[in-house]
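Asks:
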Amino acid sequence: MNRINQLFERKQENLLNIYSTAGYPQLESTGEIILSLDKAGVDLVEIGMPYSDPLADGPTIQKSSTIALQNGMTIRKVLEQIKTVRDQTTLPIILMGYLNPVLQYGFEAFLKSCQEVGVDGLILPDLPLYEYETHYQGLFKKYNIRLIFLITPQTSTKRIRKIDALSNAFIYVVSSAATTGKQAGFEAKNIAYFKRIQAMNLKNPILIGFGISNQATYQTVCQYANGAIIGSAFIRMLEKSEHIERDVVAFVEGLNVSTVAK
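Mapping the sequence shown onto the working numbering, position 95 (from 1) lands on 95, and the numbers just tick up by one.
#1: Quick one: is residue 41 buried, meaning 16 or more other Cβ sit within 10 Å of its Cβ, or exposed?
#2: Using only the alpha-carbon positions, how far apart do residue 157 and residue 150 sit?
#3: Out of 103, 153, 85 and 78, state which residue places its alpha-carbon closest to the alpha-carbon of residue 136.
#4: Just to confirm, are residue 211 and residue 217 a CB contact at a threshold of 8 Å?
#5: Can you tell me whether residue 175 is helix, strand or coil according to DSSP?
#6: So, under 8 Å CB-CB, residue 17 and residue 235 are touching, yes? Tell me the CB distance rounded to an integer number of Å.
#7: Can you tell me whether residue 120 is buried or exposed, with buried defined as 16 or more other CB within 10 angstroms of its CB?
#8: Please confirm if the stretch 16–34 is in contact with the stretch 63–80, defined as three or more CB-CB distances below 8 Å between the two stretches.
#9: If contact is defined by three or more beta carbon pairs under 8 Å, each pair taking one atom from either stretch, is the stretch 127–135 in contact with the stretch 83–95?
#10: Counting C-beta neighbours from all protein chains within 10 Å, is the total for residue 108 16 or more, i.e. buried, or is it exposed?
#11: Quick check on the DSSP output: what are the complete beta strand (DSSP E) runs of length 3 or more inside the stretch 55–111, in order along the chain?
#12: In the DSSP assignment, what are the bridge partners of residue 20?
#13: From what residue to what residue does the beta strand (DSSP E) around residue 124 run?
#14: Taking only three categories from DSSP, how would you classify residue 262?
#15: For residue 255, does the three-state DSSP call read helix, strand or coil?
#16: Apart from the five residues just before and just after residue 198, which ones in its own chain have a Cβ nearer than 6 Å to its Cβ?
#17: If I follow the unbroken beta strand (DSSP E) through residue 209, where does it start and stop?
#18: Measure the beta-carbon distance from residue 20 to residue 47 and round it to whole angstroms, keeping in mind my assumption that it falls under 8 Å.
#19: Under three-state DSSP, which class holds residue 130?
#20: At what residues does the alpha helix (DSSP H) containing residue 40 begin and finish?
#21: In angstroms, rounded to a whole number, what distance separates the CA positions of residue 256 and residue 250?
#22: Going by DSSP in three states, residue 166 sits in which element: helix, strand or coil?
#23: Here's the rule: buried if 16 or more other CB atoms are within 10 angstroms of the residue's CB, otherwise exposed. What is residue 3?
#24: Give me the Cα-Cα distance between residue 152 and residue 84, rounded to the nearest whole angstrom.
#25: Look at residue 118 and residue 148 and say whether their C-beta atoms are less than 8 Å apart.
#26: Among 221, 233, 79 and 205, whose alpha-carbon lies nearest the alpha-carbon of residue 31?
#27: Quick check: what's the CA-CA separation for residue 126 versus residue 99?
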């Protein structure tokens with residue numbers, strides 16, 4: 001069974017998914033960060049494939065991607081780095097990136113490589129739902145890779161139902177109409193949106209991302225979802241870190257995951 005599905009079979013609440021850009025802060029940091037996150041007790045790891053022309057990434061993640069590209073990170077390198085640590089962790093590993101580099105690699109070849117190195121899921125925000133359903137769904141099934149779709153406050157109920165029907169892992173709920181790392185907290189309209197999605201009783205678990213930066217925002221979204229995704233705040237921590245393993249563990253401990261109350 002895919003590791004993402006295994007995770008949701010044994011845990012449904014207070015999940016923590018941490019995003020980190022491959023090749024940042026140093027080219028060879030990826031494996032150390034994955035293993036440090038495992039040691040810290042996170043539930044999933046999302047590794048960003050750095051790209052020069054992102055759609056949803058705010059300035060913090062864009063900066064980390066620029067540095068990672070300058071460090072020499074490529075899709076092949078991140079796959080190689082994941083392969084080197086795959087036998088040391090059972091964490092579900094998700095790759096997040098954009099469609100052009102995947103098409104350059106070759107779509108089926110990319111999925112095959114993901115399976116070979118132990119990647120469990122992909123987030124490709126610019127892969128259209130229709131294209132997935134029509135052309136790529138069979139390939140994802142063939143290589144046992146899950147595609148995670150994003151929804152936003154602007155996504156219609158009809159489209160959310162369609163995404164839920166096509167999904168078989170979890171749905172990424174973007175907290176607001178902004179890029180990553182822009183929000184300092186949640187307003188009433190954000191909470192109303194979370195409640196609307198929660199009330200839909202989707203068949204797939206939901207994780208909320210964008211704007212989760214500390215214990216308070218993490219604990220807020222866990223009241224309305226199966227868990228949270230943290231990206232920019234983690235990248236900002238890495239920017240200042242002088243000891244990755246120690247600082248990653250401290251970052252996760254600071255969220256007080258075990259104290260979340262429903």
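Yeah, the Cβ is synthetic: ideal placement off N, Cα and C, and Gly gets one too.
Replies: Concretely, from the data shown:
#1: By 1-based counting over the sequence shown, the position of residue 41 is 41. Classification of residue 41: exposed, given that the 10 Å Cβ count is below 16.
#2: As a working note, residue 157 is residue 157 in the sequence shown. As a working note, residue 150 is residue 150 in the sequence shown. One Cα belongs to residue 157, the other to residue 150, and the distance between them is close to 13 Å.
#3: Indexing the sequence shown from 1 puts residue 136 at position 136. Cα-wise, what sits closest to residue 136 is 103.
#4: Reading the sequence shown from its first residue, position 211 is the one you call residue 211. Reading the sequence shown from its first residue, position 217 is the one you call residue 217. Yes, the Cβ-Cβ distance between residue 211 and residue 217 is below 8 Å.
#5: In the sequence shown, the residue the question calls residue 175 occupies position 175. Of the three classes helix, strand and coil, the one that applies to residue 175 here is coil, per DSSP.
#6: Residue mapping note: residue 17 aligns to position 17 of the sequence shown, counting from 1. Residue mapping note: residue 235 aligns to position 235 of the sequence shown, counting from 1. Not a contact, Cβ separation roughly 14 Å.
#7: Translated into the one-based positions of the sequence shown, residue 120 becomes position 120. Looking at its Cβ environment, which holds 16 or more other Cβ atoms inside 10 Å, residue 120 is buried.
#8: Yes, they touch.
#9: Cβ pair count under 8 Å is below three, so no.
#10: Position 108 of the sequence shown, counted from the start, is the residue given in the question as residue 108. The residue is exposed, with fewer than 16 neighbouring Cβ atoms inside 10 Å.
#11: 93–96
#12: As a working note, residue 20 is residue 20 in the sequence shown. Looking at the DSSP assignment, residue 20 forms a beta bridge with 47.
#13: For the purposes of this step, residue 124 is taken as the residue at position 124 of the sequence shown. Looking at the DSSP string, residue 124 is not in any beta strand (DSSP E), and its letter there is neither H nor E.
#14: The residue you call residue 262 lines up with position 262 of the sequence shown. Residue confidence for residue 262 is low, a pLDDT of 47 falling below 50, so the modelled location carries little weight and cannot support an answer.
#15: As a working mapping, residue 255 is identified with position 255 in the sequence shown. It is coil, neither helix nor strand.
#16: What you label residue 198 is simply residue 198 of the sequence shown in a count that begins at 1. Closer than 6 Å at the Cβ level, and outside the excluded window around residue 198, lie 224.
#17: Against the sequence shown, residue 209 aligns to sequence position 209. Element bounds for residue 209: 206–209.
#18: Here the question's residue 20 lines up with position 20 in the sequence shown. Here the question's residue 47 lines up with position 47 in the sequence shown. Confirmed, Cβ separation roughly 6 Å.
#19: Within the sequence shown, numbered from 1, the residue matching residue 130 stands at position 130. Of the three classes helix, strand and coil, the one that applies to residue 130 here is helix, per DSSP.
#20: Within the sequence shown, numbered from 1, the residue matching residue 40 stands at position 40. Residue 40 -> alpha helix (DSSP H) spans 29–40.
#21: Numbered from its first residue, the sequence shown carries residue 256 at position 256. Numbered from its first residue, the sequence shown carries residue 250 at position 250. Rounded to whole angstroms, residue 256 to residue 250 spans 10 Å at the Cα level.
#22: As a position in the sequence shown, residue 166 is number 166, starting the count at 1. Looking at residue 166 - three-state DSSP - the assignment turns out to be helix.
#23: Here residue 3 corresponds to residue number 3 of the sequence shown, with the count starting at 1. Classification of residue 3: buried, given that the 10 Å Cβ count is 16 or more.
#24: Taking the sequence shown and counting its residues from 1, one reaches residue 152 at position 152. Taking the sequence shown and counting its residues from 1, one reaches residue 84 at position 84. Looking at the two C-alpha atoms, the distance is approximately 35 Å.
#25: Locating residue 118 in the sequence shown gives position 118, where the first residue counts as 1. Locating residue 148 in the sequence shown gives position 148, where the first residue counts as 1. Result no, Cβ atoms of residue 118 and residue 148 do not sit closer than 8 Å.
#26: On the sequence shown, residue 31 is found 31 positions in, with the first residue counted as 1. Residue 31 has its Cα closest to that of 79, out of 221, 233, 79 and 205.
#27: If you number the sequence shown from 1, residue 126 lands on position 126. If you number the sequence shown from 1, residue 99 lands on position 99. Taking the straight line from one Cα to the other gives about 6 Å.
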